[in-house]
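Position 444, counted from 1, in the sequence shown is what my numbering calls 444; the numbers after and before it change by one each time, with no gaps. Backbone N, C-alpha and C define an ideal beta-carbon position, used for all residues, glycine too.
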Amino acid sequence: VYWMHTDGLFAFASELKALRQHPDWTPRIRSDAVASFMRHNYIPAPHTVYEGVFKLEPGTILTLPWGGKPKLEKFWDARKIAVEGIQNPLKETDAALTDRLEALLVDAVGKRMMADVPLGAFLSGGIDSSTVVALMKAANSGPVKTFSIGFEQAAFNEAPHAAAIARHLGTDHTELTVTSREALDVVPKLADMFDEPFADSSQIPTYLVSAMTRKHVTVALSGDGGDELFAGYNRYQLTSRSWQALSLMPEFARNGVAAALTSQPTERWDRLSKVLPRSLTPPQLGDKIHKVASVLELRDADALYRRLVSHWEPSALMAGTDETRGILWDESVRKDFPDLLDRMQFLDLVTYLPDDILTKVDRCSMAIALEARVPLLDHRVVELAWRLPHSVKIRGGVTKWLLRQVLYRHVPRELVERPKMGFGVPLAEWLRGPLRDWAENLLSEQRLTETGLFDVALVRRYWHDHLSGARNWQYLLWDLLMFESWRERWG
Numbered sequence: 001v002y003w004m005h006t007d008g009l010f011a012f013a014s015e016l017k018a019l020r021q022h023p024d025w026t027p028r029i030r031s032d033a034v035a036s037f038m039r040h041n042y043i044p045a046p047h048t049v050y051e052g053v054f055k056l057e058p059g060t061i062l063t064l065p066w067g068g069k070p071k072l073e074k075f076w077d078a079r080k081i082a083v084e085g086i087q088n089p090l091k092e093t094d095a096a097l098t099d100r101l102e103a104l105l106v107d108a109v110g111k112r113m114m115a116d117v118p119l120g121a122f123l124s125g126g127i128d129s130s131t132v133v134a135l136m137k138a139a140n141s142g143p144v145k146t147f148s149i150g151f152e153q154a155a156f157n158e159a160p161h162a163a164a165i166a167r168h169l170g171t172d173h174t175e176l177t178v179t180s181r182e183a184l185d186v187v188p189k190l191a192d193m194f195d196e197p198f199a200d201s202s203q204i205p206t207y208l209v210s211a212m213t214r215k216h217v218t219v220a221l222s223g224d225g226g227d228e229l230f231a232g233y234n235r236y237q238l239t240s241r242s243w244q245a246l247s248l249m250p251e252f253a254r255n256g257v258a259a260a261l262t263s264q265p266t267e268r269w270d271r272l273s274k275v276l277p278r279s280l281t282p283p284q285l286g287d288k289i290h291k292v293a294s295v296l297e298l299r300d301a302d303a304l305y306r307r308l309v310s311h312w313e314p315s316a317l318m319a320g321t322d323e324t325r326g327i328l329w330d331e332s333v334r335k336d337f338p339d340l341l342d343r344m345q346f347l348d349l350v351t352y353l354p355d356d357i358l359t360k361v362d363r364c365s366m367a368i369a370l371e372a373r374v375p376l377l378d379h380r381v382v383e384l385a386w387r388l389p390h391s392v393k394i395r396g397g398v399t400k401w402l403l404r405q406v407l408y409r410h411v412p413r414e415l416v417e418r419p420k421m422g423f424g425v426p427l428a429e430w431l432r433g434p435l436r437d438w439a440e441n442l443l444s445e446q447r448l449t450e451t452g453l454f455d456v457a458l459v460r461r462y463w464h465d466h467l468s469g470a471r472n473w474q475y476l477l478w479d480l481l482m483f484e485s486w487r488e489r490w491g
């Protein structure tokens with residue numbers, strides 16, 4: 001929900017396009033919010049791209065007294081829940097914790113299956129969506145309707161994994177292999193769909209799978225939230241292990257390693273990954289290596305975490321422009337969450353999850369009148385997750401360990417044991433190919449100069465480096481392209 005209270009006017013709406021229709025309000029872009037967008041690929045709540053307009057944060061009630069100022073109150077506080085959970089950990093056996101989590105998830109899934117319209121589920125073949133579908137089957141005598149999409153490029157295609165899970169669980173499975181043309185046709189719709197700058201490129205496949213799903217059902221269950229609650233992101237282990245190693249290295253040594261890693265273009269690292277065991281090489285290896293190299297000079301683990309979740313460094317792209325700094329820089333978070341893993345999970349839970357993941361799913365599904373429900377974010381599941389010891393979140397390098405134990409009761413281990421893929425698209429190739437002219441127009445020197453926010457020479461250099469194959473700047477360029485596309489439509 002967006003809201004504003006200015007010059008005697010109070011207005012709220014679920015979309016900014018509704019507020020833009022008000023005759024007594026003139027939208028003004030906030031440069032500091034744009035800077036924050038360039039760091040995160042979304043604008044963190046409660047801020048928006050416009051002056052005087054705010055997002056109502058999760059678990060919050062806004063009250064407007066007659067003739068007074070808006071009052072914000074939390075009716076469910078994720079920070080309080082997390083702190084209390086950590087202070088009151090469960091001390092049970094692995095089997096007892098698995099039983100407890102499974103029983104709660106069965107109930108959470110069952111509650112979200114209550115519908116008087118056709119219902120199904122997104123299925124990627126990963127841990128989270130597979131768990132949701134497995135528990136839907138356990139609660140339902142008939143076959144569950146499941147939906148997945150795949151791409152022609154193998155590195156981005158999760159469809160075979162989803163199909164294997166679907167066969168095992170006996171679901172009524174629908175799969176769509178998306179051509180590049182179908183995916184690219186989504187791009188012109190994004191500015192209208194998201195209504196403010198948003199640049200998580202998985203918005204494209206999310207919309208496509210939602211559109212396909214809507215042809216069959218009206219409600220779809222999603223597995224979002226599992227990574228934040230059960231420690232599924234690779235960056236949790238990467239940050240901890242990297243900082244342990246980095247803190248032992250003198251600065252000159254770190255700088256030397258960084259120079260060596262970035263001396264090879266990302267494409268060469270990607271070629272190397274093809275001859276190494278698949279279990280040892282995550283997708284887009286080159287991008288990940290370059291990202292690690294860029295953080296070697298950082299001084300503490302929190303700065304390392306911020307860098308790993310950042311895209312642009314706004315001070316380099318938008319010199320002289322401050323960014324809206326929020327909870328990621330709040331020193332009180334370190335006090336409430338002295339453990340690094342707890343701190344990272346909490347920050348992801350209150351920033352990346354609602355502002356990126358859930359925003360993406362909501363906008364893409366509602367754009368075609370599909371209702372997405374998220375059983376893993378049942379408040380009882382969230383509360384339980386914060387009482388779990390670290391040993392059942394990450395064990396022996398295995399993430400989401402306890403959630404996996406629940407899934408293994410329904411699906412053979414070998415069907416889900418694979419490197420985490422994410423929901424990506426071959427964006428780098430598209431920007432060098434079918435999207436090149438569109439991107440060149442939006443990133444032209446004239447256009448960027450008119451915008452007046454960015455270092456034009458820097459952007460042009462990144463664009464040329466990407467086109468030449470010297471570097472893969474796909475995500476940084478997508479941030480700029482989504483902003484310029486939004487500005488063209490709404491700015």
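- Sixteen is the threshold: since fewer than 16 other Cβ atoms of the shown chains lie within 10 Å of the Cβ of P389, the residue is exposed.
- When rounded, the separation of the alpha-carbon atoms in L221 and R409 is 20 Å.
- Residue environment: Q153 is assigned as exposed (fewer than 16 neighbouring CB atoms within 10 Å of its CB, all protein chains considered).
- Collapsing the DSSP output to three states places L62 in a strand.
- Measuring C-alpha to C-alpha distances from L119 to each of M136, S130 and A108 identifies M136 as the nearest.
- Going by C-alpha positions, G320 is about 9 Å away from P314.
- By alpha-carbon distance to T213, the top candidate from E267, P70 and V361 is V361.
- Each of F10, H311 and W76 was checked against the Cα of R380, and the nearest Cα belongs to W76.
- In this structure, A367 lies near M193, with their beta-carbon atoms less than 8 Å apart.
- In the DSSP assignment, H464 falls within the alpha helix (DSSP H) that extends over V456 to S468.
- According to the DSSP assignment, E175 belongs to the beta strand (DSSP E) that extends over D172 to V178.
- Contact annotation, G170 with A159: C-beta distance approximately 18 Å; criterion of less than 8 Å not satisfied.
- Residue burial is scored here from C-beta neighbours: S124 has at least 16 other C-beta atoms within 10 angstroms and is therefore classed as buried.
- Note on N472: 16 or more other CB atoms within 10 angstroms of its CB, so buried under the neighbour-count rule.
- Counting along the chain, the unbroken alpha helix (DSSP H) around S365 starts and ends at T359 to M366.
- Here the alpha carbon of D336 sits roughly 13 Å from the alpha carbon of L328.
- Selection L276, S242 and I165 evaluated against V411 yields I165 as nearest (Cα-Cα).
- Per DSSP, reduced to three states, the secondary structure at G85 is helical.
- In summary, M344 is buried, with 16 or more beta-carbon neighbours lying within 10 Å of its beta-carbon over all protein chains present.
- Cα atoms of S247 and L190: separation of roughly 42 Å, rounded to the nearest angstrom.
- Using a C-beta cut-off of 8 Å, the segment 456-476 makes contact with the segment 426-441, since at least three inter-stretch Cβ pairs fall below that distance.
- Judged by DSSP secondary structure, I165 falls within the alpha helix (DSSP H) whose first and last residues are A159 to L169.
- Between the alpha carbons of G52 and T6 lies a distance of about 7 Å.
- In the structure shown, Y408 adopts helical secondary structure according to DSSP, grouped into three states.
- Under the DSSP assignment, V53 falls in the beta strand (DSSP E) whose first and last residues are V53 to K55.
- A straight-line Cα-Cα distance of about 7 Å links A35 and D322.
- P197 and E488 have their C-alpha atoms some 11 Å from each other.
- F37 is classed as buried because its beta carbon has at least 16 other beta carbons within 10 Å across all chains shown.
- For the options R235, E102 and S130, the alpha carbon positioned closest to that of R167 is the one of S130.
- As the crow flies, the alpha-carbon of Y462 is around 52 Å from that of W66.
- When the five nearest sequence neighbours on each side are left out, the beta carbons in the same chain lying within less than 6 Å of the beta carbon of H161 are those of G125, in order along the chain.
- Contact annotation: D355 and Y42 have beta-carbon atoms nearer than 8 Å.
- Restricting attention to Q237, S294, R278 and F230, the CA atom closest to the CA of A260 is found in S294.
- Take the alpha-carbon of I81 and the one of R271: they are about 45 Å apart.
- K74: member of the beta strand (DSSP E) spanning K71 to K74, first to last residue.
- Listed as beta-bridge partners of F10 by DSSP are H5.
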